[in-house]
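A.B. asks: Numbering (numbering that gives the first Met the number 0), first residue to last: 0 to 151. Where is the CB? At the ideal position from N, CA and C, for every residue including glycine.
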Amino acid sequence: MERIFKQVIEILNQNQVYHSVNQEDISKTDFCMVDVYSVNAIVKQPLAKTISKKRSKKIAEPQIVFVPILQIRHNPIMCNLKIFLDNECIYNNNNFQVETIGYNNNRVQSPEPSLKKILDICKTKSTKAHLQNLRMAKELLKEQRRFLANVR
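1) I'd like to check one pair, Q70 with Y36: are the Cβ atoms closer than 8 Å?
2) Using CA atoms only, rank isn't needed, just tell me which of Q15, T28, M32 is closest to N21.
3) In whole angstroms, what is the alpha-carbon distance linking K141 and Q131?
4) For the alpha helix (DSSP H) containing E1, list its first residue and its last residue.
5) Is S19 buried or exposed, if buried means 16 or more other CB atoms sit within 10 Å of its CB?
6) Beta carbon of I120, beta carbon of I8: below 8 Å?
7) For I63, I'd like the list of residues in its chain whose CB is within less than 7 Å of its CB, leaving aside the five on either flank, ordered along the chain.
8) Within 10 Å of its beta-carbon, does H129 have 16 or more other beta-carbons around it, so buried, or fewer, so exposed?
9) Between which residues of its own chain and M23 is the CB-CB distance below 6 Å, once the five residues before and five after are set aside?
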C-alpha cells in the first residue's frame, strides 16, 4: 500500500489540485459535506450533431473536457478518506482517526504519515489555486470598474 501512496503523492506534487465540496448522504435522512481534491486531465470529446432524421450525423468541433483522473475524498466529520483512480476506489479508510478508550485516559490514534502527507499536499496546493483564482477575479473586477468609470 505504501507504493500506491508514494505514487499518489508523486502525482499530487507534479499536477495542479482542484478542490470542491460535495454533499453526500450518510443515511436516508442525514447529509454531510465532503472535501474532494482532484487532479484533472484534459480530454477532447467530439460532439455528434444530427441535422435531420434522413441525413447522417455530422461531427462538430471537439469539445475540451476536464476528467478527474485522481480524486481524494475526505470527510472530516466522519473521519473518512477515500482515494479514487479513474472513478474506481483504490483505498477506503473509514477510521482515518480512531479513538481508543482505555481505563484511565482517552487517546487518539494518529493516522498513517503518508495519508496525512497526502491530505497536507492537497490542502496546500488547492489553497494556492484558490488564492490565484481570487487574484484573477480581483484584477478582472478592477478592470471592469475602470471601464465603467470611463464610460460615465
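C.D. replies: The relevant details are as follows:
1) yes
2) M32
3) 15 Å
4) 1-13
5) Exposed.
6) yes
7) I41, K43
8) exposed
9) For the sequence presented, residue 23 should be read as Glu rather than Met. For E23, where only same-chain residues beyond five positions count, the Cβ hits under 6 Å are V33.
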